[in-house]
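Each residue of the sequence shown is one higher than the last, beginning at 1280 in the working numbering. Glycine residues also receive a C-beta, built at the ideal position from the N, C-alpha and C atoms. Down below is the structure, laid out as structure tokens.
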Amino acid sequence: MIIPTRKAGDPLKACLSALVRSFPPDAETVVVLDGGTVDQGALLDDFVEPLRLRWIQAPHGGPASARNRGLAAARGEIVAFTDDDCRPRPGWVRALAAGTSASPPRAVGGTTFNGLESNPYADAAQVVLDLVARHHRAAFGEEQFFPCNNCAFPAAALRELGGFNESFRTAEDRELCRRWRAAGFALAPVPEAMVDHDANQDFAGFIRKFFAYGRGAARFHSTGNNDGIRAAAGFHLRLPVLMAPEVIRRGPWRGAGLAGLLALWEVTNLPGFLAEAASRAGRERVAANGSRRSPLP
């Protein structure tokens, strides 16, 4: 069980408290502090024994780097991942472990819910992820990736694959799952492994999040051999149809708010995508110009 955290505090404590309710006796927990400092005693002492908890202090390198440090330290045959703002429901660890296979390698992902029903930004963010996953299943006929706030992998196979690509600050879970599938390994859903995601966001945080996600998407589509960009374009074209049931289910006022935030997501995501694409093109031009220069005598 690996939890990366940047600003350890009440959300992490809520995550650990949720895990205590049904933590298997043969499991362990590795918390990786991605930079910064924390009063370890005040926050973690109550969880060391029931969660077999260990704490790793690491330089700030982003979530992919933190997860890799947790993977290196993990002693079990299966590694499960969640985030510090998530509250796993009872039975979560057992459900993921039961679905994961070492031979042949199979990774699994569970079901994630918005844990902050009164926060419209958290609601919209979860709807985005749900719609993307639903569209990918329809387009490809199988799971394409699992967000790393609710997934598990056989540890040996994940290490052999190289773990997470630390050059990614967002979309690292998509990039990992693409390599996983390219290696011939399976991805399978475990719906009963449920997590509540307390993504406590405001307007500015929502903008920053999806601008960064746009940059991650551009980087993802620029690497590897995949036709995912065509599926992504199809998703955005079909978004009004895909989101209609979610908007209707919430009623007139909440539905209108959700529709507005999904439109804002599109408006925010695209500039992030274009900014990363432009930055990549600039780097490639610089590299090409450098390679054409004649060596000094």
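CB of residue i within 7 Å of CB of residue j, strictly
i: VAL1309; j: ALA1352; result: yes
i: GLY1341; j: ARG1448; result: yes
i: LEU1350; j: GLY1493; result: no
i: ARG1373; j: PRO1468; result: no
i: ASP1313; j: PRO1290; result: no
i: ALA1497; j: ALA1556; result: yes
i: VAL1526; j: ALA1538; result: yes
i: SER1501; j: ARG1562; result: no
i: VAL1407; j: TRP1544; result: yes
i: GLU1592; j: ALA1343; result: Beyond the ends of the chain as shown, which are 1280 and 1576, falls residue 1592; an answer cannot be given.
i: PRO1433; j: PRO1384; result: yes
i: ALA1450; j: GLY1513; result: no
Close Cβ partners of residue i (< 8 Å) along its chain, the five nearest in sequence each way excluded
i: TYR1400; result: ALA1478, GLN1480, ASP1481, PHE1482, GLY1484, PHE1485, LEU1540
i: GLU1307; result: MET1280, LEU1330, ARG1331, LEU1332, ARG1333, ALA1353, ARG1354, GLY1355
i: CYS1294; result: ILE1282, THR1361, ASP1362, ASP1363, ASP1364, CYS1365, ARG1366, PRO1367
i: VAL1299; result: PHE1326, PRO1329, LEU1330
i: LEU1410; result: PHE1514, LEU1518, LEU1521, MET1522, GLU1525
Sequence-distant residues of its chain with Cβ nearer than 7 Å to residue i (five each side left out)
i: ARG1453; result: PHE1424, PHE1499
i: ARG1285; result: ASP1313, GLY1314, GLY1315
i: GLN1336; result: LEU1312
i: GLY1394; result: ARG1366, ASP1475, HIS1476, ASP1477
i: PRO1576; result: At PRO1576, the pLDDT of 45 sits below 50, so the modelled position is not reliable and the matter cannot be decided from this model.
i: LEU1440; result: ARG1458, TRP1459, ALA1462
Spatial neighbours of residue i in its chain, beta-carbon cut-off 6 Å, leaving aside the 5 residues before and after
i: PHE1490; result: THR1547, GLY1551
i: MET1522; result: LEU1541
i: ALA1297; result: ARG1366, PRO1367
i: PHE1392; result: ASP1475
Rounded Cβ spacing between residue i and residue j (contact assumed at less than 8 Å)
i: GLY1389; j: VAL1474; result: 6 Å
i: LEU1332; j: LEU1322; result: With 8 Å as the limit, LEU1332 and LEU1322 do not qualify as a contact, their Cβ atoms being about 10 Å apart.
i: ALA1287; j: ALA1359; result: That pair is no contact at about 19 Å.
i: GLU1422; j: LEU1455; result: Their Cβ separation, rounded to whole angstroms, is 13 Å, which puts GLU1422 and LEU1455 out of contact at 8 Å.
i: ASN1655; j: THR1361; result: Past the edges of the chain, shown from 1280 to 1576, lies residue 1655, and the structure says nothing about it.
i: ALA1404; j: LYS1488; result: 7 Å
Residues bridged to residue i (per DSSP)
i: PRO1367; result: VAL1474
i: ARG1333; result: VAL1309
i: SER1380; result: ARG1385
i: ILE1282; result: VAL1310
i: VAL1469; result: According to DSSP, which records beta bridges pairwise, VAL1469 is partnered with nothing at all.
i: CYS1430; result: PHE1360, GLY1388
i: ASN1393; result: HIS1476
Cβ of residue i within 7 Å of any chain B Cβ
i: GLU1555; result: In summary, chain B is missing from the structure at hand, where a single protein chain is found.
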